[in-house]
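Residue numbers (mature numbering (1 follows the signal peptide of the UniProt record, and there is no 0)): -21 to -1, 1 to 175.
Pasting the structure below:
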């Protein structure tokens, strides 16, 4: 037993000595050279047409400008907003048509869906108010859909502009909160840091 433990320990130590005896393949460079190399890798040439191209893509097909910018996670948000606006437009249009048809039938003296056994569940004024409500909701749905479409284009344009903006850690602005235990109040502040 003692011999087997000694044998395993010696094999373990020999394997580590062989592994550490291999030549290091990583070349050591100076600090300035690595910083220069890092800056060269991060540099992307300025493309003045990138924001216009991204906005054009988003105008042609919503979400395409976000894909051009590489923000794939925004595409479902754009389509969710557009789909929601279209859904509520169609729903309000259907309800508007329903109340409009009932109003027309009532004016013509025919029974409508809101008249049961000769009794009116909704008055004629109620039908008029319902039509006005659903017409207003249809218009709001159109405005929301157009607003989401325009925001989609603006987002693609702004993101393409900000891609070319130099975001450096040398200049930073951070909000600050400090709780003063003596007075029991919270102090708010803004810290501006600039490193040379």
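Cβ coordinates follow ideal geometry from the N, Cα and C atoms, glycine included.
For residue j and residue i, the rounded distance between their alpha carbons
i           : j           : result
residue 55  : residue 64  : 14 angstroms
residue 70  : residue 60  : 16 angstroms
residue 51  : residue 167 : 36 angstroms
residue 159 : residue 34  : 48 angstroms
residue 129 : residue 42  : 11 angstroms
Own chain residues within Cβ distance below 6 angstroms of residue i, not counting five before or after
i           : result
residue 170 : 153, 155
residue 101 : 93
Range of the contiguous beta strand (DSSP E) that encloses residue i
i           : result
residue 102 : Careful: residue 102 lies outside any beta strand (DSSP E) and carries neither H nor E.
Buried versus exposed call for residue i [16 or more other C-beta atoms within 10 Å across all chains shown]
i           : result
residue 93  : buried
residue 138 : buried
residue 106 : buried
residue 131 : buried
residue 27  : exposed
residue 151 : exposed
Bounding residues of the alpha helix (DSSP H) (the contiguous stretch that carries residue i)
i          : result
residue 77 : 54 to 87
residue 44 : 43 to 48
residue 27 : Looking at the DSSP string, residue 27 is not in any alpha helix (DSSP H), and its letter there is neither H nor E.
Beta-carbon proximity list for residue i, same chain, < 8 angstroms, skipping 5 on both sides
i          : result
residue 77 : 92
Contacting residues, own chain, Cβ-Cβ under 7 angstroms from residue i (five flanking each side not counted)
i           : result
residue 140 : 30
residue 186 : Nothing about residue 186 can be read from this structure; the chain reaches only from -21 to 175.
Pick out the complete alpha helix (DSSP H) segments inside the segment 97 to 173, 4 residues or longer, and give them in chain order. List check, alpha helix (DSSP H) in window: 103 to 142.
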